[in-house]
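Chemist: Have a look at the structure that comes next, please.
In this note's numbering, the protein residues as written are 291 to 533.
See below:
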């Protein structure tokens, strides 16, 4: 792991020479192993003096008592957040996706982490097949009202070789940047100001992308969200009950 940390810091240090670092256990399910294996990996990262904390991405159904105890132990001494993929609160959508856990499982995981004062970052996908704007608003509201630390909003990209592409090769989550950014600004208005927004879109390698054809234009999308916020004279949480 140390060589991987060295490689990543070397990659980032030129742009942010004075930064501190968080070790991000990102890919796959990073609590799906025996507790002692997890302990070894987490503490190996934390033993590097350049690392100020860790972020762990996992599934809500992979947080057994032993894992929660380990996370509680780490959280008492180090900066930590745990990322959970919810994607949608709607059963019809998640069953089609084959996620393998339901909203009750997600809610239980959030509650168990919050009981231990562990920060939670939730993932939501915008533009899932069959979902309306009201559906997406309901998902964001449910998550925002649960007292999480952070939120990642992902634009659904249709990619080659995916199961969705096999099922719906002509599907496009949003027809235009304008449509997508209007929705994101609307959602930001109902998300409490004290929830950290970690992501506002998502992109994939252009060689894998089917639709939306413009989703790789990440900087353009972010600039358009900022522009619309200024034009509307609005801000995150303006329509939140916690404002």
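In this text, a Cβ means the ideal position worked out from N, Cα and C, and glycines have one as well. Small disclaimer: the values here were computed from a predicted structure and weren't measured.
(1) So, with DSSP's three-state summary, where would you put residue 434?
(2) Using the three-state DSSP reduction, which class does residue 487 fall into: helix, strand or coil?
(3) Do residue 527 and residue 483 have their CB atoms nearer than 8 Å?
(4) Taking the alpha helix (DSSP H) that residue 333 falls in, what are its first and last residues?
(5) Beta strand (DSSP E) containing residue 311: first to last residue?
(6) Quick one: any contact between the stretch 299-315 and the stretch 338-347, if contact means 3 or more CB pairs under 8 Å?
(7) Who does residue 380 pair with in a DSSP beta bridge?
(8) Starting from residue 471, trace the alpha helix (DSSP H) both ways and give me its first and last residue.
(9) Can you list, in chain order, the residues of its chain whose CB lies under 7 Å from that of residue 486, leaving out five sequence neighbours each side?
(10) Which stretch, first to last residue, makes up the beta strand (DSSP E) that contains residue 345?
(11) Can you check the stretch 400-425 for any beta strand (DSSP E) of at least 3 residues that lies completely inside it and give the ranges in chain order?
(12) Using the three-state DSSP reduction, which class does residue 427 fall into: helix, strand or coil?
(13) For residue 376, I'd like the list of residues in its chain whose CB is within less than 7 Å of its CB, leaving aside the five on either flank, ordered along the chain.
(14) Quick check: residue 475 and residue 431, are their CB atoms within less than 8 Å of each other?
(15) I think residue 277 touches residue 480, with their Cβ atoms under 8 Å apart; what is that distance to the nearest whole Å?
(16) Got a sec, what are the start and stop residues for the alpha helix (DSSP H) residue 442 sits in?
(17) Could you have a look at residue 303 and say whether DSSP puts it in helix, strand or coil?
(18) Whether or not the stretch 345-361 and the stretch 320-337 are in contact is what I'm after, with contact meaning three or more pairs of Cβ atoms, one per stretch, closer than 8 Å; do they touch?
(19) How big is the Cα-Cα spacing for residue 383 and residue 304?
(20) Taking residue 500 as part of the beta strand (DSSP E), name the residues at either end of that continuous run.
(21) Can you give me the start and stop residues for the alpha helix (DSSP H) that residue 359 sits inside?
(22) What is the residue span of the alpha helix (DSSP H) that residue 523 lies within?
Modeler: Well, looking at it:
(1) helix
(2) strand
(3) yes
(4) 325-336
(5) 311-315
(6) yes
(7) None, per the DSSP bridge assignment.
(8) 467-480
(9) 439 and 440
(10) 341-348
(11) 409-416
(12) helix
(13) 396, 412, 413, 414 and 433
(14) no
(15) No statement about residue 277 is possible, as the shown extent of the chain runs from 291 to 533 and does not include it.
(16) No alpha helix (DSSP H) contains residue 442, which is instead part of the beta strand (DSSP E) from 440-445.
(17) helix
(18) yes
(19) 42 Å
(20) 499-501
(21) 355-367
(22) No alpha helix (DSSP H) holds residue 523; DSSP gives it neither H nor E.
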